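These protein sequences, in sequence, are chains A and B.
This note's numbering puts the first residue of the first sequence at 1, with every later residue one more than the last.
This note's numbering puts the first residue of the second sequence at 1, with every later residue one more than the last.
Note that the Cβ used here is the ideal one computed from N, Cα and C, for glycine as well.
Computed from a predicted structure; not experimentally measured.
To keep things clear, I will list the structure first and then write my remarks on it.
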Amino acid sequence: MKGLYLERDTPLHRLPPEVKIAAMVSATVIVVVTPREALWAFAGYAVLVAVIAAIGRVPAGWLAKRSLVEVPFVLLALALPFLAAGEQVTVLGLEVSRDGLYGGFNILAKGTLGVLLSLILAATTTTRDLIVGLDRLRCPQILTQIATFMLRYLSVLGGEARRMRIARISRGDDPRFLWQVRGFATGVGALFLRAFERGERVYLAMVARGYEGRMPAAWLAAGAATRNHWLAAATVPVAAAAIAGTAVILG
Amino acid sequence: MEAVALHISNGVLNGPVSAIYGVIALVALAYCVSRGRRDLDDRLAPMAGLVAAFIFAVQMLNFPVLPGVSGHLLGGAMAALLVGPWVGALCVSVVLIVQALVFADGGVTALGANVANMALLGTAVAYLLIALLLRVLPRTPTGLGITAFVSSVFAVLAASQGFVLQYALGGTTDLEHYSLGAIAGLMAGTHLLIGIGEGLIAAVTVVTVARTRPDLVYALRGLKRPQPATAQGVAA
């Protein structure tokens, strides 16, 4: 399970995962609590996100493609000016609701900035490191354990599904289009059991080799964040807070 | 495309409501962690990982409801059946957290609201129904299948109405043409269909697991032990 990781060697990639998670979450919170009338702040955030992406050498085209995750919310944002209640204003000859206009902008701007920040985190941190980071941030071990196995077993599930499909096809099953679903649906229980039994063997093999609920990277001190790492990562939320403060005071 | 679904994005709900739901989710998850730790043994740990992976895969199927709102399978009922309510809620939460961090799916600030709907409300409703139905229905594969189906349908409906409640409390924009009742109706209608689909998947999966490895189904654990004599007596 590779997630969205981009193999690079940049200062952003080298930062320990825990400081990146903390910086991303705090910056997102600052963006979301910014009053929606402070239009200039969102332009400032966009510049900040562009600078971070440049440091991490995350291509703009890649970000644009991946942020398609947001499309349903863009539709909501575009529809809101026409659907919302309240004072009506005329923009480009169209009667729209002022509240809806702000609401649509609010969802669009905050949603996009949040998605971009998450994407930059995912592009510069492997999924394994993300879990190590959550562990170092004192996330309960039971959660990191479930997350570790989830990411591991996604490929087990995918592999079993592929093997079962090949087995069906080699026995003369030749479904097309929607009828493929039928073979999958009748085999879903078997798929689950096969994946579980393979996963159980993987787990027992790990236990036999000394696994006690945490991956070695999490409890080894090597690579943990130092004070300098925290200070470097803190520049992002501090810059965001400065932008928000300036926009609110000036706006 | 892996689209955002019942997952709420940043900025859809206002600050206070997001914060309140964040606190609710945090407190409830802390309780689930303390209860789940007792459940998680060598058999349940890989099962919990697989259930989470299964839910992760299944949540990629999406169906549109309204502009900006779509629904998908949740998996809370299946998780409650296979690994119990506490670990089950944790499994669904892990899926949501990883989706928010790794795939930018669902806003980080709306994580509390998302966890409250899908992991807590959905799994709680499902488990209450499971506990009730398993006592009422005959202890056969059919009975277990019906339990899985019914609890899935109601868990999905409950989660969708949880979103409507959150939007009523703290939606950032008032809608004129869609009243809250209309939104609730639309969400319920689509999610009834989603629930039926999810119910079928959950029923098939759980019944298959129960037939071959009944020891793996958490919901069957407490029931078999207290009255083995009467269960056998009825069967005989």
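- Taking 8 Å as the cut-off, the Cβ atoms of ARG66 (chain A) and THR10 (chain A) do not count as close.
- With 16 or more other Cβ atoms inside 10 Å of its own Cβ, GLU198 (chain B) counts as buried.
- Following the DSSP letters along the chain, one finds SER160 (chain B) inside the alpha helix (DSSP H) bounded by residues 141–170.
- For VAL98 (chain B), the enclosing alpha helix (DSSP H) has its first and last residue at 85–102.
- Taking CB atoms only, VAL94 (chain B) has a neighbour in chain A less than 8 Å away.
- For ASN14 (chain B), no alpha helix (DSSP H) encloses it, and the DSSP letter there is neither H nor E.
- Cα atoms of LEU44 (chain B) and ALA30 (chain B): separation of roughly 19 Å, rounded to the nearest angstrom.
- Ranked by Cα distance from LEU113 (chain A), the options A:ALA50, A:ARG138, A:PHE149, A:ALA161 are led by A:ALA50.
- ARG38 (chain B) counts as exposed, since fewer than 16 other beta carbons sit within 10 angstroms of its beta carbon.
- With respect to the C-alpha of ASP42 (chain B), the residue from A:MET206, A:LEU63, A:ILE107 having the closest C-alpha is A:MET206.
- At least 8 Å separates the CB of LYS65 (chain A) from every CB of chain B.
- Among the residues of chain A, those whose CB is under 9 Å from the CB of ARG213 (chain B) are LEU193, PHE196, GLU197, following chain order.
- Taking 7 Å as the upper bound on Cβ-Cβ separation, chain A lies near residues ALA45, PRO46, MET47, ALA48, GLY49, LEU50, ALA52, ALA53, PHE54, PHE56, ALA57 of the stretch 45–61 of chain B.
- Among the residues facing chain B, GLY189 (chain A) is included, as its CB has a counterpart in that chain under 8 Å away.
- In this structure, the CA atom of ILE55 (chain A) is about 35 Å from the CA atom of VAL58 (chain B).
- For ARG209 (chain A) and GLU200 (chain A), the gap between their C-alpha atoms comes out near 14 Å.
- For ASN117 (chain B), there is no enclosing alpha helix (DSSP H), as DSSP marks it with neither H nor E.
- Listed along chain A, the residues sitting closer than 9 Å to ARG37 (chain B) by beta-carbon distance are PRO140, GLN141, ILE142.
- Residue burial annotation: ARG162 (chain A) is exposed, with fewer than 16 other C-beta atoms found within 10 angstroms of its C-beta.
- Between VAL33 (chain A) and ASN10 (chain B), the C-beta gap is not smaller than 8 Å, which leaves the two residues out of contact.
- Ranked by Cα distance from ALA23 (chain A), the options A:TYR211, A:THR127, A:ALA233 are led by A:ALA233.
- The CB of LEU12 (chain A) never comes closer than 9 Å to any CB in chain B; the least such distance is about 16 Å.
- Take TYR127 (chain B), set aside five residues on each side of it, and the residues of its chain with a beta-carbon closer than 7 Å to its own are ALA80, PRO85, in chain order.
- In the DSSP assignment, VAL51 (chain A) falls within the alpha helix (DSSP H) that extends over 39–55.
- Across the set B:THR140, B:LEU132, B:GLY189, the C-alpha of B:GLY189 shows the shortest separation from the C-alpha of SER160 (chain B).
- Closest by C-alpha distance to ILE166 (chain A), out of A:MET215, A:LEU137, A:LEU191, A:ALA53, is A:LEU191.
- One alpha carbon belongs to LEU74 (chain B), the other to VAL92 (chain B), and they sit about 8 Å apart.
- Against chain A, a Cβ distance below 8 Å from VAL207 (chain B) picks out GLY189.
- The C-beta of ALA60 (chain A) has fewer than 16 other C-beta atoms within 10 Å across all chains shown, which makes the residue exposed.
- Annotated as proximal: LEU111 (chain B) and ALA100 (chain B), with beta-carbon spacing under 8 Å.
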